[in-house]
Amino acid sequence: MDCRLRFHHNHLNGHLYRLKMVESPNCECGVEEGANHVFFGGEMREAQTTELHLDLMNLGQRPPFNICGLLATEDTRILRRLYKFLKVNGIRV
Numbered sequence: 001m002d003c004r005l006r007f008h009h010n011h012l013n014g015h016l017y018r019l020k021m022v023e024s025p026n027c028e029c030g031v032e033e034g035a036n037h038v039f040f041g042g043e044m045r046e047a048q049t050t051e052l053h054l055d056l057m058n059l060g061q062r063p064p065f066n067i068c069g070l071l072a073t074e075d076t077r078i079l080r081r082l083y084k085f086l087k088v089n090g091i092r093v
């Protein structure tokens with residue numbers, strides 16, 4: 001997962017649109033669907049995003065969050081929390 005997100009080769013609309021596999025790069029809320037938007041800006045998952053923010057802060061991270069920076073960490077607690085967010089929200093990357 002982390003390589004797909006870091007290198008922007010994933011199943012999110014922003015990438016699929018560049019490959020001409022979907023008609024729009026946007027997610028359901030109308031903003032381009034990229035990794036940072038999915039984790040930190042999606043209006044569709046506001047409660048889960050807020051919970052993720054709080055968990056990341058409890059793990060010593062400070063906003064503004066950036067997915068590439070978080071994926072570069074050696075702290076497996078952060079990586080597990082990101083994986084959990086994807087699983088709970090049914091997001092395939």
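Per the numbering used here, the very first residue in the sequence shown carries number 1; after that it's consecutive.
Just so it is clear, CB atoms sit at the ideal spot from N, CA and C, and this is done for glycine as well.
These figures come from a predicted structure and were not determined experimentally.
Based on Cα-Cα distance, which residue from the options lies nearest to residue i?
i     : options                : result
MET44 : GLY30, ARG4 and LEU54  : GLY30
LEU82 : ASN26, HIS15 and LEU56 : LEU56
VAL88 : CYS68, PRO64 and THR49 : THR49
Keeping to the same chain, check which residues put their C-beta closer than 7 Å to that of residue i; ignore five residues upstream and five downstream.
i     : result
VAL38 : LEU12 and ILE91
GLY34 : LEU12 and GLY14
ASN36 : ASN66 and ILE67
Which residue marks the beginning of the alpha helix (DSSP H) containing residue i, and which one marks its end?
i     : result
MET57 : 46 to 58
ALA35 : 35 to 40
LEU70 : 67 to 71
VAL88 : 76 to 89
Are the CB atoms of residue i and residue j nearer to each other than 8 Å?
i     : j     : result
LEU71 : LEU5  : yes
LEU52 : PHE85 : yes
VAL93 : ASN26 : no
What do you reckon, is the C-beta of residue i under 7 Å from a heavy atom of the ligand FAD?
i    : result
CYS3 : Looking at this structure, you won't find the ligand FAD or any other ligand, since it has none at all.
Can you give me the Cβ contacts of residue i inside the same chain, cut-off strictly under 8 Å, excluding the 5 residues immediately before and after it?
i     : result
LEU59 : ASP75, ARG77, ILE78 and ARG81
Please return the same chain residues whose Cβ sits closer than 6 Å to the Cβ of residue i, not counting the five positions on each side in sequence.
i     : result
GLU28 : MET44
PRO63 : none
LEU16 : VAL22
With a floor of 4 residues, list each alpha helix (DSSP H) that falls wholly inside the region 9 to 33, ordered by position along the chain.
Within the region 9 to 33, the complete alpha helix (DSSP H) runs of at least 4 residues are 13 to 18.
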